Amino acid sequence: MSEPKKHRIYTMSFAGVYPHYIAKAEKKGRTKEDVDTIIFWLTGYDREALANIIENKTNFETFFDEAPKLNPNVSKITGVICGYRVEEVEDKLLQKVRYLDKLVDELAKGKAMDKILRK
């Protein structure tokens, strides 16, 4: 039996999607800094590491595999994104990507940063 096919997000460059996160936030009056704050909170990366990821066109699989520390509060991220309940996504990498999608979505919907960062 063959291994299940990996979702195409695994091989997508984070740098290719990052501008879309920023555009989505900026369209709703939020900033690139807001998006970066979410990324830092979720992954433990800092500004320098994020710049390297973008410059090196790191794919999502490596982006999350090498994340310094996934935030312990990710279990508090719940709800529907892209038609899926994030807390029920079985593929762990895909779930992390959906967490990020969900947080950016909440940002674009005008949610307060303290609520987005589950404080």
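Residue numbers for the sequence shown follow the numbering used here, beginning at -18 and rising by one. Note that beta-carbon positions come from the ideal geometry of N, C-alpha and C, so glycine has one too. All values derive from a computational prediction rather than experimental measurement.
Nearest to residue i (by Cα), restricted to the options the options
i	options	result
G10	L88, R99, C63	L88
R79	I20, E14, E7	I20
N33	L84, Q76, Y(-1), K8	Y(-1)
G60	Y(-9), E29, V70	V70
F(-5)	G64, L81, I58, K92	L81
Residue i, buried or exposed, once every other Cβ within 10 Å from all chains shown has been counted against 16
i	result
K100	exposed
D86	buried
T39	buried
V67	buried
K77	buried
K83	buried
Where the alpha helix (DSSP H) containing residue i begins and where it ends
i	result
N33	28 to 36
E14	13 to 24
D72	Looking at the DSSP string, D72 is not in any alpha helix (DSSP H), and its letter there is neither H nor E.
T43	41 to 46
K50	K50 -> no alpha helix (DSSP H), and no H or E assigned at all.
K5	-5 to 8
Beta-carbon proximity check, residue i vs residue j, cutoff 9 Å
i	j	result
D15	A6	yes
T24	A48	yes
Secondary structure of residue i, DSSP reduced to three states
i	result
V55	helix
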